[in-house]
Amino acid sequence: MNLKTKICLAAVILIFLAALAGTVYVLRPIDSTYVEIVQDGTVLYTIDLADAENQSFTIESEDGGYNVVTIEDGQIYMSDADCPDGVCISSGVLRSGLSIVCLPHKLVIRFVEDTE
């Protein structure tokens, strides 16, 4: 193996390790009970699931569509929506490191760091 091959191999290994470290950092679990509901880049609600009462509420989008967000027993999920694919509904309960996304209505539910 010549020197150029060794340098290229080392560079590829370093890039792979950096990408792996970045992925682990981004997908690390957040130890928070706070969620944000964001629509089209605007934070509509910040909710502490530890203190939230069981409830459902509707969020309307500019295109006339809607999403029904449900909080039950300290968990949050999308219980109904009129979007054509229904991916947001099938996402189920929000889990650490993941988000619930409704692309047609530009709506995102995600965990955030404690706001206190």
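Position in the sequence shown (from 1) plus 9 gives the number in the numbering used here. C-beta atoms are modelled at their ideal positions from N, C-alpha and C, and glycine is treated no differently.
When you compare only the Cα positions, how much space is there between residue i and residue j?
i: Ala-30; j: Gly-50; result: 28 Å
i: Ile-80; j: Ser-105; result: 16 Å
i: Val-52; j: Ile-109; result: 14 Å
i: Gly-95; j: Leu-36; result: 24 Å
i: Asp-60; j: Lys-15; result: 57 Å
i: Cys-92; j: Glu-122; result: 29 Å
i: Met-87; j: Thr-32; result: 26 Å
i: Phe-120; j: Gln-48; result: 15 Å
i: Val-12; j: Leu-26; result: The residue you asked about is not Val; residue 12 is Leu in the sequence shown. Going from the Cα of Leu-12 to the Cα of Leu-26 covers about 21 Å.
Pop quiz: residue i and residue j are said to be a contact at Cβ under 8 Å. What is the actual Cβ separation, rounded to whole angstroms?
i: Ile-85; j: Leu-58; result: 6 Å
i: Asp-82; j: Asn-63; result: 7 Å
i: Val-78; j: Ile-118; result: 7 Å
Should residue i be listed as close to the ligand ATP, given that the test is whether its C-beta is under 8 Å from any heavy atom?
i: Met-87; result: Summarising the ligand content, the structure contains no ligands, and the ligand ATP is consequently not present.
Who does residue i pair with in a DSSP beta bridge?
i: Ser-65; result: Thr-79
i: Ile-56; result: Val-44
i: Ile-130; result: Outside the displayed range of the chain (10 to 125) lies residue 130, so it cannot be described from this structure.
On the three-pair Cβ rule with 8 Å, is the segment 74 to 88 touching the segment 102 to 116?
yes
Is the segment 42 to 50 touching the segment 18 to 28 in the sense that three or more CB pairs, one from each, lie closer than 8 Å?
Because the criterion of three Cβ pairs below 8 Å is not met, the segment 18 to 28 and the segment 42 to 50 do not touch.
Pairing CB atoms from the segment 61 to 70 with CB atoms from the segment 95 to 107, are three or more of them under 8 Å?
No, the segment 61 to 70 is not in contact with the segment 95 to 107.
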